[in-house]
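Chains as they are written, first to last, in our numbering: chain A, 297 to 694; chain B, 4 to 166. Ideal placement from N, C-alpha and C gives every residue a C-beta, glycine not left out. Quick caveat: nothing in here was measured; it's all calculated off a predicted structure.
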Amino acid sequence: MTTLHPPRPASRHQIDWLTGELAHWQSAGWLDSRHADEILHSYRPTSRLSLSRLVLTLGAGFVGVGMIWLVAANLDALPPALRFGVVAAFWVVTTAGAEWLAGRREHTGSIPSPVVGAARSVASLAFGAVVFQAAQSLQVPAYEPKLVGFWALGVLVLGYATRAETPLVIGLGLAAGWYVWQVAWSTPDGLGVVLAFLVSGVVAASVATLHGRWWPDFAAPWREVAALLVLVGLFVAAIPEIGGDDVAWSASLVAGLATAGVLAVAAVTLGAGRAGLEPLVAAVLTAAAAGLVLWDPPNDPASLTASDVSHAVVAVVLYVAVAVLVAVLGVLHDSWRLTAMATVALVLFTTVQSFAVFARIIDGAWLFLLLGVVFLATGYGFDRARRELASTLEGDAS
Amino acid sequence: MTLSTPARLGLALLVQLALVGAAVTPQLSARVSGEEYLLRVAPLDPIDPFRGAYVALDYPDLRAADGSRTTGLDDDHRGTIYLPLEREGDVWVLTAATRTRPTTSPYLTCDDRSWLVRCGIESLFLPQDEARALERAVASGEAMARVRIDGRGHAALLGVDVE
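This is the structure we're talking about:
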């Protein structure tokens, strides 16, 4: 047997696993040593975050952000129409260039490279520069959230048209940022902001579930964004006195709630298996977060009441449960990003809550000791849950 | 029917271009089909992270009669508000704000959901040094905003003239 193709990239972990399995297949007599060597040499080790990927990501970020800042510099050497033409030409060239690179890679079947992703990032940011240049040339008022909304929509259109993950991820981040800004702008109230995060989370979880049936490759980014939005929304909801006294049901908030409701029903009805429950859980958490904000204990620094402590305890228990749930989703969907997100969120949340609420009852070194014990107990619980889930899944599979 | 990659890309670019137009529709419509009006103007302050330096403009003649920075319409609603204009010498001033679309032009279609009434003519983007100079000039003298307004009340700021 001769190796006809260049070695395919594989992570160190995959190569270690393959080496062990090849030894097992040889001992079972399924494979001789020559074939085992050829198989092993048809892969080359590569690290997930290679230097080239890092440099390309940074480069794409600098070029894209630089283009937007060039718009912000308002260069008076060029008239507004010419500036718009230059920025629009850059957008068309980078977008077409990125797809040309992607097509070339598809046809030659070469080793996957991060160049296409970097080029698509530049194209996505360049579209933002076009929107902002048009707005600047036409004197659209400053701090207008809808411009970010149109930027997000355009990048999502690009993501779906080219079936590419990079514009999808950038578009989702922009869309979430736009929606929260839009709601905060028309509803300057803590509950409005919390609901904006959670409602976006329900929408993203529903779309992720629907993608499980159609275009499964796009399910993971939607699910990860949903988890992030839910974790951030609950984090904000648990902050004492975040403000829920004067809720204004703005059009953007009501439209978001209606969209989330329709998509959640569609996802629960059409979703495959357990994934159908994910939007439902996000919807229940939206109600729980609203309840936390409306609870509003006295929170007087001079005298901590039982209501203050109960509010903090309920918030901590709820957040830990949600973080565990996100970590479990990470195991179920084989996503290290979900697991990492849950861990970081839990550490940040516990620390902030400890200093915001419990520091007033327990001071100094005792607070650190308590925090350490909480982390150890949570870490132990996390690890147990992960192991049990993994062994259950293995049992189901065998 | 499955579209080829170039066709999908071309379609995506066209949709994106349409979105750029949609993002600036009121200003574009006012510039293309609107009439030009003069409004007295005063400065506020500047910088948008995405679009750079600007002069934030206040319109004394679009305020309530008591001089407060509202339209004088004291109801519990928030959303679209219309500011009918009438000529007073060279400039145009507010008559009385209303929630019902006026039957005669000119009027401004605005939004009072945030703390400030927004009519789409509150910012003049300029290079940083020019923005600073204009802000000083506007503060020290009479300044006029040249504004185009279309039949639906969409307004676009063309520029500011300092006397």
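Can you round the beta-carbon distance between Ala623(A) and Thr635(A) to whole angstroms, since I take them to be within the 8 Å contact cut?
-> Contact check for Ala623(A) and Thr635(A): beta-carbon distance about 5 Å, within the 8 Å limit, so the pair qualifies.
When the cut-off is 9 Å and only beta carbons count, does Gly362(A) lie next to chain B?
-> Taking CB atoms only, Gly362(A) has no neighbour in chain B less than 9 Å away.
Where DSSP assigns a beta bridge to Tyr110(B), which residues make up the other side?
-> When DSSP reads this structure, Tyr110(B) sits in a beta bridge with Pro87(B).
For Gly154(B), which of helix, strand or coil comes out of DSSP?
-> If DSSP states are grouped into helix, strand and coil, Gly154(B) belongs with coil.
Can you check the segment 4-31 of chain B for any alpha helix (DSSP H) of at least 4 residues that lies completely inside it and give the ranges in chain order?
-> Uninterrupted alpha helix (DSSP H) stretches at least 4 residues long and entirely within the segment 4-31 of chain B occur at 8-26, given in chain order.
Quick one: which chain A residues come within Cβ less than 7 Å of Leu14(B)?
-> For a Cβ distance threshold of 7 Å, residue set Ala457 of chain A lies close to Leu14(B), ordered along the chain.
Spell out whether any CB of chain B is found under 9 Å from the CB atom of Leu487(A).
-> By this cut-off, Leu487(A) is not an interface position.
Please classify Val94(B): does DSSP put it in a helix, a strand, or coil?
-> Looking at Val94(B) - three-state DSSP - the assignment turns out to be strand.
With distances taken from CA atoms, which of Ile152(B), Glu138(B), Arg116(B), Ala159(B) is nearest Leu549(A)?
-> If we check each option's Cα against that of Leu549(A), Arg116(B) comes out closest.
In the segment 575-631 of chain A, which residue ranges form an unbroken beta strand (DSSP E) of at least 3 residues, counting only runs that do not cross its ends?
-> Fully enclosed beta strand (DSSP E) runs of 3 or longer: not present.
Val426(A): which of Ala457(A), Leu464(A), Ala377(A) sits nearest, CA to CA?
-> It is Ala377(A).
For the beta strand (DSSP E) that contains Leu716(A), what are its first and last residues?
-> Summary: the structure shown does not reach residue 716(A), with chain A confined to residues 297 through 694, and so no result is reported for it.
Answer with yes or no whether the minimum CB distance from Ser126(B) to chain A is below 9 Å.
-> Answer yes: the Cβ-Cβ gap between Ser126(B) and chain A drops below 9 Å somewhere.
By Cβ distance, which residues of its chain are closer than 6 Å to Ala306(A), with the 5 residues on each side in sequence left out?
-> A distance below 6 Å between beta-carbons, with the five flanking residues on each side excluded, links Ala306(A) to the following residues of its chain, in chain order: Tyr339.
Look up Thr101(B) in the DSSP assignment and say whether it is helix, strand or coil.
-> Annotated three-state conformation of Thr101(B) is strand, per DSSP.
Take every Cβ of the segment 7-20 of chain B, pair it with every Cβ of the segment 101-112 of chain B, and state whether three or more of those distances are shorter than 8 Å.
-> Because the criterion of three Cβ pairs below 8 Å is not met, the segment 7-20 of chain B and the segment 101-112 of chain B do not touch.
Short CB-CB distance (under 9 Å) between Thr555(A) and chain B = Not closer than 9 Å to any Cβ of chain B, the Cβ of Thr555(A) fails to qualify, so no.
Beta strand (DSSP E) runs wholly inside the segment 300-357 of chain A, at least 3 long, in chain order | Here the runs fully enclosed are 304-306, 339-341.
Go ahead and pull the three-state DSSP assignment for Asp164(B).
-> Judged by DSSP in its simplified three-state form, Asp164(B) adopts strand.
Exposed or buried, which one is Ile84(B) when buried takes at least 16 other CB atoms within 10 Å?
-> Result: buried.
CB-CB length for Ala568(A) against Arg519(A), believed under 8 Å | Between Ala568(A) and Arg519(A) a beta carbon distance of about 13 Å is seen, past the 8 Å cut, so the two are scored as non-contacting.
Would you tell me roughly how many angstroms separate the C-alpha atoms of Gly486(A) and Thr639(A), rounded to the nearest one?
-> One alpha carbon belongs to Gly486(A), the other to Thr639(A), and they sit about 25 Å apart.
Would you please state the rounded distance, in angstroms, between the beta carbons of Thr505(A) and Ala398(A)? I believe it to be under 8 Å.
-> So it is not a contact: roughly 28 Å between Cβ atoms.
Going by C-alpha distance, which of Leu625(A), Phe645(A), Thr315(A) is nearest Ala515(A)?
-> The shortest C-alpha separation from Ala515(A) is found at Leu625(A).
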